[in-house]
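Below is one structure, written out as C-alpha cells; the observations come after it.
Residue numbers (this note's numbering), protein chains in the order written: chain A, 200 to 313; chain B, 4 to 113.
Below, the structure written as C-alpha cells:
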C-alpha cells in the first residue's frame with residue numbers, strides 16, 4: 200500500500216538553529232497537510248496545501264515557520280530559528296482532494312530542541 | 004472553532020475485557036473520524052462516520068455516531084495487547100481539514 204514518506208525520522212537541534220522537514224505524499228494526492236503534535240495532545244494543523252497553493256496557514260507561526268510545495272508534489276516545512284517550545288512531532292498527511300474522506304499520515308519527524 | 008473532548012484520557016484494561024472511548028463535539032459533526040496512533044508514530048485510519056445513528060465495525064472495533072451528530076463512541080470487544088495505543092477522534096469543521104481531540108491512551112494488560 201502506498202505511504203506518505205517523511206524525513207528525517209528524528210531531529211535533534213540546538214535553539215536558534217534552522218531545521219527542515221520533508222514530506223512526499225501518496226502519488227496523486229492533491230491535498231497536503233502539516234500537523235504539529237505536542238506530547239499528550241492531539242495533532243494541530245499548521246498548514247494545508249491544495250496542489251501548490253496554500254489553502255490555510257492561519258495557525259502557522261509565520262515569524263519563524265515557512266512551508267512550500269513548489270511543484271504541487273513534495274513539501275518542505277522549515278523552522279528558523281528553532282525555539283525550545285518547538286519540540287514536538289511534526290506529521291505530514293495527504294488526501295486525494297479537499298473533499299476526500301480520509302487523511303493518510305506519515306510516520307512523522309520527532310523534533311527535539313535543546 | 005470546533006472542539007472535541009475525549010474521555011477517558013487514559014484507560015488500563017485486562018486482556019479480554021471490553022471498553023468504550025467517547026468523543027464529544029461542541030458543534031454538529033459533518034464527519035467523525037477515528038484514528039489509532041502507536042507511541043511516536045503516525046496516525047492510522049480506523050473508521051469514518053457521517054450520518055446520524057451510523058455504526059461501523061472492523062474486526063473487534065465498533066464506532067457509532069449519535070443521532071444528533073455531536074457524540075461518537077468507540078467500543079472494543081475482547082481487548083488484546085495489539086489494541087494498545089492512543090485513540091484519536093477527528094472532525095471536519097467544514098473546511099476540509101481535521102481537528103483532533105487530545106486522545107485516549109489505552110493500555111492492555113496480558
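Positions of the beta carbon are idealized from the N, C-alpha and C atoms, including for glycine. Remember, it's a predicted structure, so these values are computed and weren't measured experimentally.
- Residue 105 (chain B) has a beta carbon lying within less than 7 Å of a beta carbon in chain A.
- For residue 78 (chain B), the secondary structure class from DSSP, reduced to helix, strand or coil, is strand.
- Residues of chain B whose Cβ lies closer than 9 Å to the Cβ of residue 285 (chain A) do not exist, since the nearest Cβ in that chain is about 17 Å away.
- Of all residues in the segment 230–254 of chain A, those with a C-beta nearer than 9 Å to a C-beta of chain B are 230, 232, 234, 236, 239, 240, 241, 242, 243, 244, 247, 249, 254, reading in chain order.
- The C-alpha of residue 232 (chain A) is placed about 11 Å away from the C-alpha of residue 250 (chain A).
- Rounded to whole angstroms, the gap between the alpha carbons of residue 46 (chain B) and residue 94 (chain B) is 14 Å.
- Within the model, the alpha-carbon separation for residue 227 (chain A) versus residue 17 (chain B) is close to 43 Å.
- For residue 85 (chain B), there is no enclosing beta strand (DSSP E), as DSSP marks it with neither H nor E.
- Among the residues facing chain A, residue 44 (chain B) is included, as its CB has a counterpart in that chain under 7 Å away.
- Apart from sequence neighbours up to five positions away, the residues of its chain that approach residue 112 (chain B) with a beta-carbon distance below 6 Å are 17, ordered along the chain.
- Using a CB distance cut-off of 7 Å, residue 227 (chain A) does not count as an interface residue toward chain B.
- Per the Cβ contact rule, the segment 75–85 of chain B is not in contact with the segment 292–311 of chain A (fewer than 3 Cβ pairs under 8 Å).
- Between the alpha carbons of residue 312 (chain A) and residue 75 (chain B) lies a distance of about 37 Å.
- With a 10 Å radius around the Cβ and a threshold of 16 neighbouring Cβ atoms, residue 266 (chain A) comes out buried.
- Counting only runs of at least 3 residues, the segment 218–261 of chain A fully encloses the following beta strand (DSSP E) elements, listed from N- to C-terminal order: 218–223, 230–236, 243–249, 252–255.
- Annotation: Cβ neighbours of residue 309 (chain A) in chain B (cutoff 9 Å, chain order): 43.
- Cβ neighbours of residue 67 (chain B) within its own chain (closer than 6 Å, five residues either side excluded): 58, 76.
- Per DSSP, the beta bridge partners of residue 204 (chain A) are A:223.
- Excluding residues up to 5 positions away in sequence, 245, 246 lie with their Cβ nearer than 6 Å to the Cβ of residue 259 (chain A) in the same chain.
- Think of a sphere of 9 Å around the beta carbon of residue 271 (chain A): no beta carbon from chain B falls inside it, the nearest being about 17 Å out.
- Rounded to whole angstroms, the Cβ separation of residue 92 (chain B) and residue 14 (chain B) is 14 Å, and the two are not in contact under 8 Å.
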